[in-house]
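First to last, the protein sequences are chains A and B.
End of the first sequence sits at 316 in this note's numbering; the numbers just go up one at a time, nothing left out.
End of the second sequence sits at 316 in this note's numbering; the numbers just go up one at a time, nothing left out.
Backbone N, C-alpha and C fix where the C-beta goes; we use that ideal spot for every residue, glycine too.
In what follows, a single structure is set out as structure tokens and then discussed.
There are 2 protein chains.
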Amino acid sequence: MRSSNGLSVRQEKILNYIRDFLKKNNYPPAIRDIQNDLGISSTSVVAYNLRILEEKGKISRDGKISRGISIPGMTLDQTVVTSHGFTVPMLGMITAGSPLPDPEAINVEDAEQIEVPAELGSADKLRDVYALKVRGYSMVDALIGDGDIVLLRYQETADNGQTVVARLVDENAVTLKKFYHEGERIRLQPANVTMEPIFTTPDNLHIQGRVVGVIRSVE
Amino acid sequence: MRSSNGLSVRQEKILNYIRDFLKKNNYPPAIRDIQNDLGISSTSVVAYNLRILEEKGKISRDGKISRGISIPGMTLDQTVVTSHGFTVPMLGMITAGSPLPDPEAINVEDAEQIEVPAELGSADKLRDVYALKVRGYSMVDALIGDGDIVLLRYQETADNGQTVVARLVDENAVTLKKFYHEGERIRLQPANVTMEPIFTTPDNLHIQGRVVGVIRSVE
DNA sequence: CGCTTGACAGCACAAGTGTTTGCTTGCTAT
DNA sequence: ATAGCAAGCAAACACTTGTGCTGTCAAGCG
Chain A
98 MRSSNGLSVR QEKILNYIRD FLKKNNYPPA IRDIQNDLGI SSTSVVAYNL RILEEKGKIS
158 RDGKISRGIS IPGMTLDQTV VTSHGFTVPM LGMITAGSPL PDPEAINVED AEQIEVPAEL
218 GSADKLRDVY ALKVRGYSMV DALIGDGDIV LLRYQETADN GQTVVARLVD ENAVTLKKFY
278 HEGERIRLQP ANVTMEPIFT TPDNLHIQGR VVGVIRSVE
Chain B
98 MRSSNGLSVR QEKILNYIRD FLKKNNYPPA IRDIQNDLGI SSTSVVAYNL RILEEKGKIS
158 RDGKISRGIS IPGMTLDQTV VTSHGFTVPM LGMITAGSPL PDPEAINVED AEQIEVPAEL
218 GSADKLRDVY ALKVRGYSMV DALIGDGDIV LLRYQETADN GQTVVARLVD ENAVTLKKFY
278 HEGERIRLQP ANVTMEPIFT TPDNLHIQGR VVGVIRSVE
């Protein structure tokens with residue numbers, strides 16, 4: 098049985114094992130590591146399959162050198178100074194009232210990527226995070242101003258007081274507000290004393306993410 | 098002779114060699130690689146210095162395993178990194194009143210580095226930029242809150258209305274305020290209606306930088 | 001059927017490599 | 001001086017690890 102990329106099941110397993118090993122240890126596995134952990138009975142089998150993987154360009158090897166395996170595309174040439182940050186897609190602008198494409202609907206691959214400092218969270222914390230540029234002053238009391246970039250973790254629920262991107266289904270509008278669930282109704286509170294809250298019901302509300310960070314550039 | 102980070106010249110060379118080797122081959126060097134290429138007469142010398150490097154946290158090793166060296170901060174990731182961000186030194190905390198080491202005086206090499214998204218400016222714009230963590234609420238009206246990280250460009254002058262890090266010479270205090278030059282005197286204005294401005298004279302004031310960005314992490 | 005080929009097993013050898021031990025140096029504090 | 005110690009040296013030692021046979025087995029083929 099072969100998988101779609103023309104590798105045998107065993108080769109696929111080996112390749113994945115190498116990738117995982119590399120991620121975990123930051124150095125390549127020895128043939129015997131592969132052999133033992135994948136339960137292969139002989140080192141020669143591993144060597145045999147490694148040869149094939151190399152011929153197919155999936156890995157590259159420095160012969161005779163122990164652990165001389167590397168995977169093209171996995172490099173560690175990054176900034177030595179710190180662990181590098183992560184990139185999240187910039188999905189557009191948000192203003193009270195303007196429609197926002199659903200994060201799931203738009204092609205994340207094509208979206209402009211912006212970088213996020215590692216200080217804002219680990220890779221895990223930044224899973225499903227996207228960015229929006231804020232227009233307007235409705236959140237100034239939450240220290241979010243016009244032109245700020247907010248980082249949002251995609252989630253469909255929120256706790257009281259959290260700042261969320263909320264879609265009002267009937268109005269087909271999206272807005273950045275503080276979320277409060279009050280009995281049967283939901284209150285979306287602007288963080289600006291001059292603005293009035295919006296009241297709605299749970300079934301008219303679709304939460305599209307929660308603010309996890311703010312980035313601002315000052316002239 | 099020691100370099101600023103407490104490593105001997107030889108240790109520095111070894112560390113750099115490992116880095117370069119890693120970049121070039123994507124797998125770690127063997128002790129003998131280091132020995133030969135750096136012209137060291139014995140493997141034990143390399144082992145000796147590697148032990149020290151590990152104790153100082155500059156590298157980490159998986160004992161006995163060949164080529165089991167890795168450098169914390171250099172990780173194998175497959176993510177095609179479009180890294181155009183930059184790193185700036187995090188020089189400490191700022192609160193109205195607390196003293197701050199002069200950016201020129203402290204060793205920038207040793208300071209923790211934090212990453213800055215490319216969106217906050219080009220390499221040129223980020224020259225001489227450093228970061229401080231804000232404590233307190235004196236700048237909330239300028240959308241800077243407790244726990245925020247402010248990015249500062251080192252400069253000794255400022256225009257009216259800009260937010261600056263100002264050192265009051267006589268008081269030996271450093272504070273984050275809005276800067277206004279009013280005739281003979283200077284007004285340092287907190288961005289918080291409940292707080293009073295500070296008045297001083299140009300010769301008692303030493304500007305240490307201007308806010309060019311804000312980064313905030315939200316729980 | 002005999003032959004070839006791909007895939008795997010077992011095993012042993014020879015490099016590849018990290019560690020250890022014992023021996024210098026050069027410098028510093030007592 | 002003299003002991004103490006970091007740093008370096010050299011060689012020996014022992015474990016790690018890649019390779020190279022030698023076989024086995026099932027599938028494909030004329």
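- Message: Quick check on D267 of chain B: buried or exposed, where buried means 16 or more other Cβ atoms within 10 Å of its Cβ?
- Response: Here residue 267 of chain B corresponds to residue number 170 of the second sequence, with the count starting at 1. Result: exposed.
- Looking at L249 of chain B and V290 of chain B, is the spacing between their C-beta atoms short of 7 Å? As a position in the second sequence, residue 290 of chain B is number 193, starting the count at 1. As a position in the second sequence, residue 249 of chain B is number 152, starting the count at 1. Cβ distance not < 7 Å, so V290 of chain B and L249 of chain B don't count as in contact.
- Message: How far does the beta strand (DSSP E) with Q252 of chain A in it extend, from its first residue to its last?
- Response: Numbered from its first residue, the first sequence carries residue 252 of chain A at position 155. From DSSP, Q252 of chain A is part of no beta strand (DSSP E); its letter is neither H nor E.
- Item | Best match in B:P299, B:A144 and B:F276 for proximity to R164 of chain B [C-alpha to C-alpha] | Position 67 of the second sequence, counted from the start, is the residue given in the question as residue 164 of chain B. Taking only the C-alpha atoms, the option nearest R164 of chain B is B:A144.
- Item | Exposed unless 16 or more other CB atoms sit within 10 angstroms - verdict on D221 of chain A | The sequence position of residue 221 of chain A within the first sequence is 124, counting from 1. Model confidence at D221 of chain A stands at a pLDDT of 49, short of 50, so the residue's coordinates are unreliable; what they give is reported in the following sentence. Exposed, because fewer than 16 other Cβ atoms sit within 10 Å of the Cβ of D221 of chain A.
- Pick from B:F276, B:V231, B:A288 and B:F296 that is closest to R282 of chain B, judged by C-alpha positions: Start at 1 with the first residue of the second sequence, and residue 282 of chain B comes out as number 185. Among B:F276, B:V231, B:A288 and B:F296, the Cα nearest to that of R282 of chain B is on B:F296.
- Query: Which one of B:D134, B:I191 and B:M187 has the shortest CA to CA distance from D225 of chain B?
  - Reply: By one-based count along the second sequence, residue 225 of chain B stands at place 128. Nearest C-alpha to D225 of chain B: B:M187.
- Query: Going by Cα to Cα distance, which pick from B:P169, B:P294, B:K155 and B:Y114 is closest to T272 of chain B?
  - Reply: Counting from 1 along the second sequence, the entry for residue 272 of chain B is found at position 175. Checking every option, the nearest Cα to that of T272 of chain B belongs to B:P294.
- Task: Mind the definition here: the stretch 129 to 148 of chain A touches the stretch 130 to 147 of chain B only if three or more C-beta pairs lie below 8 Å; say whether that holds.
- Result: no
- Top-ranked residue by Cα proximity to V247 of chain B, from A:S235, A:T192, A:T260 and A:S314: Here residue 247 of chain B refers to the residue found at position 150 when the second sequence is read from its first residue. Nearest of A:S235, A:T192, A:T260 and A:S314 to V247 of chain B, Cα basis: A:S314.
- Residues that M190 of chain A bridges to, as DSSP identifies them: Sequence index remark: in the first sequence, residue 190 of chain A carries index 93 (1-based). In DSSP, M190 of chain A forms a bridge with A:K230.
- Task: Taking all protein chains shown into account, decide if G310 of chain A is buried (16 or more other Cβ within 10 angstroms of its Cβ) or exposed.
- Result: Here residue 310 of chain A refers to the residue found at position 213 of the first sequence. With 16 or more Cβ atoms within 10 Å of its Cβ, G310 of chain A is classed as buried.
- Would you give the residue range spanned by the alpha helix (DSSP H) that V142 of chain B belongs to? On the second sequence, position 45 is the one that residue 142 of chain B refers to. Unbroken alpha helix (DSSP H) run through V142 of chain B: T140 to E152.
- Message: With the cut-off set at 7 Å, would you say N257 of chain A and Y277 of chain A are in Cβ contact?
- Response: One-based indexing of the first sequence puts residue 257 of chain A at position 160. One-based indexing of the first sequence puts residue 277 of chain A at position 180. Yes, they are a contact pair.
- Under 7 Å Cβ-Cβ, which residues of chain A neighbour P294 of chain B? For the purposes of this step, residue 294 of chain B is taken as residue 197 along the second sequence, with counting starting at 1. Residues of chain A passing the Cβ test: none, with the nearest at roughly 20 Å.
- Item | Neighbouring residues, chain A, relative to I166 of chain B (Cβ below 8 Å) | Taking the second sequence and counting its residues from 1, one reaches residue 166 of chain B at position 69. Simply Y124.
- Any beta-carbon of chain B closer than 7 Å to the one on R313 of chain A? To locate residue 313 of chain A, count along the first sequence from 1; it is residue 216. By this cut-off, R313 of chain A is an interface position.
- Message: Contact criterion: CB-CB distance below 7 Å. Does S235 of chain B meet it with respect to chain A?
- Response: Here residue 235 of chain B corresponds to residue number 138 of the second sequence, with the count starting at 1. Cβ-Cβ to chain A under 7 Å: no for S235 of chain B.
- Does any C-beta atom of chain B lie closer than 7 Å to the C-beta of G310 of chain A? Looking up residue 310 of chain A in the first sequence gives position 213. Yes, G310 of chain A counts as interfacial toward chain B.
- Taking C-beta pairs closer than 7 Å, name the residues in chain B that S163 of chain A reaches, listed in chain order. Position 66 of the first sequence holds residue 163 of chain A. Those within 7 Å of S163 of chain A in chain B are S163 and R164.
- Does any CB atom of chain B fall closer than 7 Å to the CB of R158 of chain A? Start at 1 with the first residue of the first sequence, and residue 158 of chain A comes out as number 61. Output row for R158 of chain A: interface = no.
- Message: For L240 of chain B, would you say it is in contact with chain A, using Cβ-to-Cβ distances shorter than 7 Å as the test?
- Response: Counted from its first residue, the second sequence places residue 240 of chain B at position 143. By this cut-off, L240 of chain B is an interface position.
- Message: Tell me which residues share the same chain as E253 of chain A and place their Cβ nearer than 8 Å to its Cβ, disregarding the 5 neighbours each side in the sequence.
- Response: In the first sequence, counting from the first residue as 1, residue 253 of chain A sits at position 156. Closer than 8 Å at Cβ, skipping near neighbours: H303, I304 and Q305.
- Item | Which of helix, strand or coil DSSP assigns to Q132 of chain B | The sequence position of residue 132 of chain B within the second sequence is 35, counting from 1. Three-state result, Q132 of chain B: helix.
- Task: May I have the straight-line CA-CA distance separating N133 of chain B from I241 of chain B, to the nearest angstrom?
- Result: The residue labelled residue 133 of chain B in the question sits at position 36 within the second sequence. The residue labelled residue 241 of chain B in the question sits at position 144 within the second sequence. So the two alpha carbons sit approximately 54 Å from each other.
- Query: Based on the DSSP output, what are the partners of S280 of chain B in its beta bridges?
  - Reply: Along the second sequence, read from residue 1 onward, the residue named residue 280 of chain B stands at position 183. Residue identity check: residue 280 of chain B is Gly in the sequence provided, not Ser. The partner list for G280 of chain B (beta bridge, DSSP) is empty, contrary to what the question assumes.
- Are the beta-carbon atoms of T298 of chain A and K275 of chain A separated by less than 7 Å? Position 201 of the first sequence, counted from the first residue, corresponds to residue 298 of chain A. Position 178 of the first sequence, counted from the first residue, corresponds to residue 275 of chain A. It is not a contact, given that the beta carbons lie outside the stated cut-off.
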